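These notes are about the structure you will find just below.
Numbering (my numbering), first residue to last: 21 to 389.
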């Protein structure tokens, strides 16, 4: 005779219980951050450019090397809570983003233990631990990136509805407005969104094609909702300050490498249009050394040496040299660096390819480790 007693359903916490557990975990994390000194505001060389953002002039704002997102948040926090609480604000926003992800994973059927593990991994990851106390965009942009991924999961669960697509675009645009390095979210939301819609339904092969066409169209809507405001911003900068780009920023990062690949003779052999900056870079490098600056030791062509010297070459050699030639004009300075980069890449493409291959190898080793 078999036992016909039904198996009781697995015990789960009620919503109130889940909320209490989430609040307890958040409180413990905040306490741990406070006890380890990670809620004390810390500034970095980038911080003044956010604090001094020129809100009083549209032209000056559009010429700034910063987007207005983070400076606006700083002003809001400073006016309401005080700037010293900025690390706490950044931590709470990050925890809220992680909690939203845990909740959405649960709605996708992920077991609670795994959802919680995923949320904690992000909440206590290196980005949060290192950047929450810092007055810079890293922590807040990362939190908005988590919210973008969460909103995309919700969008796919709701079959790509337009309302859900708008909720994907909002944090994505916020992340880009904080930190333009998050522009990758534009193609990522399209690719990941189409893939999520594909994987959500186990369809017969014969119906995949039509379903995927609809999925691609809906993912393209998400991408367009993010891309169009960015295009409008670029158009505004082009019309007002004659620089149709997101920011007068980025080329200096590459120049911190390109000027290391060449000798002084090769640098001075560039065309007449770029030679003034090339010569000023050589002079500025000597000023840096005369003032007591030192570059990292090692083989000049080694990947680790190039990376170790990159910060000094970028911010203490290339950028000051361009600023000396174009004082007070961030756009002209940026364009001068761009033109020199372009010339060096055209003359020595093999050196760039070599660096890319070595850097990719190092990145692969780092990921594997």
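Every residue gets a Cβ at the ideal spot worked out from N, C-alpha and C, and that includes glycine.
None of these values were measured; they are calculated from a predicted model.
> For residue 129, is the beta carbon positioned less than 6 Å from some heavy atom of the ligand SAM?
Replying inline: This structure simply doesn't include the ligand SAM, nor any ligand for that matter.
> Which first and last residues belong to the alpha helix (DSSP H) in which residue 70 is found?
Replying inline: 67 to 71
> Smallest Cα separation from residue 367: which of 279, 384 and 271?
Replying inline: 279
>> Measuring only the C-alpha atoms, how far is residue 342 from residue 65?
In response: 18 Å
> Contact between the region 235 to 246 and the region 174 to 185: three or more CB pairs below 8 Å?
Replying inline: yes
>> For the structure I just gave you, are there three or more beta carbon pairs, one from the region 302 to 316 and one from the region 244 to 263, closer than 8 Å?
In response: no
> When burial is assigned at 16 or more other CB atoms within 10 Å of the CB, is residue 326 buried or exposed?
Replying inline: buried
> How many angstroms separate the CA atom of residue 383 from the CA atom of residue 373?
Replying inline: 15 Å
> How big is the Cα-Cα spacing for residue 126 and residue 114?
Replying inline: A direct Cα-to-Cα measurement between residue 126 and residue 114 gives close to 19 Å.
> Can at least three beta-carbon pairs, one atom from the region 72 to 81 and one from the region 148 to 155, be found at a separation below 8 Å?
Replying inline: No, the region 72 to 81 does not touch the region 148 to 155.
>> Short of 7 Å in beta carbon distance, which residues of its chain neighbour residue 188, apart from the five on each side in sequence? Order them along the chain.
In response: Closer than 7 Å at Cβ, skipping near neighbours: 168, 171, 172, 175, 209 and 242.
> Count the other CB atoms within 10 Å of the CB of residue 268; is the residue buried (16 or more) or exposed (fewer)?
Replying inline: buried
> residue 282 bridges to which residues according to DSSP?
Replying inline: Answer is none; residue 282 lacks a bridge partner.
>> What would DSSP say about residue 152, mapped onto helix, strand or coil?
In response: coil
>> With the cut-off set at 7 Å, would you say residue 107 and residue 160 are in Cβ contact?
In response: no
> For residue 297 versus residue 360, is the C-beta spacing smaller than 7 Å?
Replying inline: yes
> Taking DSSP as the reference, what is the three-state secondary structure of residue 100?
Replying inline: helix
> Are the beta-carbon atoms of residue 271 and residue 354 separated by less than 7 Å?
Replying inline: Yes; because the gap between Cβ atoms is below 7 Å, this pair is in contact.
>> Let me check one thing: in DSSP terms, what residues is residue 344 bridge-paired to?
In response: According to DSSP, residue 344 bridges with nothing at all.
> Excluding five sequence neighbours on each side, which residues of the same chain lie with their C-beta closer than 6 Å to the C-beta of residue 21?
Replying inline: Because residue 21 sits at a pLDDT of 47, beneath the cut-off of 50, its placement in the model cannot be relied upon, and the following sentence gives the value as read from the coordinates. The answer is none, since no qualifying residue turns up.
>> On the DSSP letters alone, give me the boundaries of the alpha helix (DSSP H) that residue 82 sits inside.
In response: 78 to 83
>> Am I right that residue 164 and residue 142 are in contact with their C-beta atoms under 8 Å? What's the rounded C-beta distance?
In response: Not confirmed; about 13 Å, so no contact.
>> Excluding the 5 residues flanking residue 315 on each side, which residues of the same chain have their C-beta closer than 7 Å to its C-beta?
In response: 329 and 332
> Count the other CB atoms within 10 Å of the CB of residue 51; is the residue buried (16 or more) or exposed (fewer)?
Replying inline: exposed
> Is residue 62 helix, strand or coil when you go by DSSP?
Replying inline: strand
> Can you tell me whether DSSP reads residue 213 as helix, strand or coil?
Replying inline: helix
> Does the beta-carbon of residue 200 have 16 or more other beta-carbons within 10 angstroms, so that it is buried, or is it exposed?
Replying inline: buried
>> Quick check: what's the CA-CA separation for residue 70 versus residue 233?
In response: 43 Å
> Can you name, in chain order, every residue of its own chain whose Cβ lies under 6 Å from the Cβ of residue 290, other than the five neighbours on each side?
Replying inline: The residues are 298 and 363.
> When we look at the beta-carbon of residue 246 and count the other beta-carbons within 10 Å, is it buried (16 or more) or exposed?
Replying inline: Buried: at least 16 other Cβ atoms inside 10 Å.
> How many Å lie between residue 205 and residue 212 at the Cα?
Replying inline: 10 Å
> Among 74, 370 and 352, which has the Cα closest to the Cα of residue 262?
Replying inline: Per the Cα distances, 352.
> Quick one: what does DSSP say residue 21 is sitting in, helix, strand or coil?
Replying inline: Its pLDDT being 47, under 50, residue 21 is placed unreliably by the model, and the measurement read from it follows with that caveat. Coil at residue 21, not helix or strand.
> Quick one, which of 244, 257 and 55 has its alpha-carbon nearest residue 86's?
Replying inline: 257
> Considering only the beta carbon of each residue, do residue 162 and residue 147 sit closer than 7 Å?
Replying inline: yes
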